[in-house]
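J.:
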Amino acid sequence: MGATPEEVARARRFLLEREQKRQKARERARRRVLVQLKEILAEVAPRFPVERVYLYGSLLTGRWRPDSDLDLAVEGDLSYGDLLTFWAELDRRTEQDIDLREISKLPFAEKIRAKGLVVYERKNPGSPG
3 MGATPEEVAR ARRFLLEREQ KRQKARERAR RRVLVQLKEI LAEVAPRFPV ERVYLYGSLL
63 TGRWRPDSDL DLAVEGDLSY GDLLTFWAEL DRRTEQDIDL REISKLPFAE KIRAKGLVVY
123 ERKNPGSPG
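First residue of the sequence shown: 3, per this note's numbering; consecutive thereafter.
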């Protein structure tokens with residue numbers, strides 16, 4: 003004996019509603035992470051020679067999940083030590099792993115500049131802090 007058409011319709015509605023709830027919850031979480039990231043960058047970035055930070059990857063494109071990392075490209079005159087320290091400071095303050103790259107060293111830098119989201123920009127370019 004198989005499922006009746008009514009049972010199939012109820013199961014389909016249930017599964018669709020459950021997926022919609024999950025998508026809405028993921029979107030709320032994604033927005034919280036984005037707000038938190040901007041707040042953290044506003045606090046941390048001024049202490050480093052960072053001109054701009056771009057977000058790219060899953061958080062921006064809608065493929066984000068709570069276990070996804072945050073893909074960031076940094077623009078500025080950072081030494082290797084600055085970059086590592088900046089990265090550690092960001093990573094320490096977030097629940098997600100940070101994948102931080104120097105934009106000038108990425109083969110797809112222009113794509114990030116064109117389509118990425120600027121999540122931090124120094125108010126007075128060229129000035130310290």
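Every residue gets a Cβ at the ideal spot worked out from N, C-alpha and C, and that includes glycine.
Note that the structure is predicted; figures quoted are calculated from it, not measured.
First and last residue of the alpha helix (DSSP H) that includes R54?
T.: Segment 52-58 is the beta strand (DSSP E) holding R54; no alpha helix (DSSP H) there.
J.: For the stretch 46-59 against the stretch 113-122, do three or more pairs of beta-carbon atoms, one drawn from each stretch, fall closer than 8 Å, so that the two count as touching?
T.: yes
J.: Looking at L74: is its Cβ nearer than 8 Å to the Cβ of T96?
T.: no
J.: Kindly identify the DSSP beta-bridge partner or partners of L72.
T.: I100
J.: Pull the bridge partners of E120 from the DSSP assignment, please.
T.: In the sequence as displayed, the identity of residue 120 is Val instead of Glu. BP columns for V120 point to Y56.
J.: Since V46 and L17 should fall inside the 8 Å C-beta cutoff, what is the C-beta to C-beta distance between them, to a whole number of angstroms?
T.: At roughly 42 Å, the Cβ-Cβ gap does not stay under 8 Å, so V46 and L17 are not in contact.
J.: So, under 8 Å CB-CB, S70 and S60 are touching, yes? Tell me the CB distance rounded to an integer number of Å.
T.: About 5 Å separates the beta carbon of S70 from that of S60, a gap short enough to meet the 8 Å contact definition.
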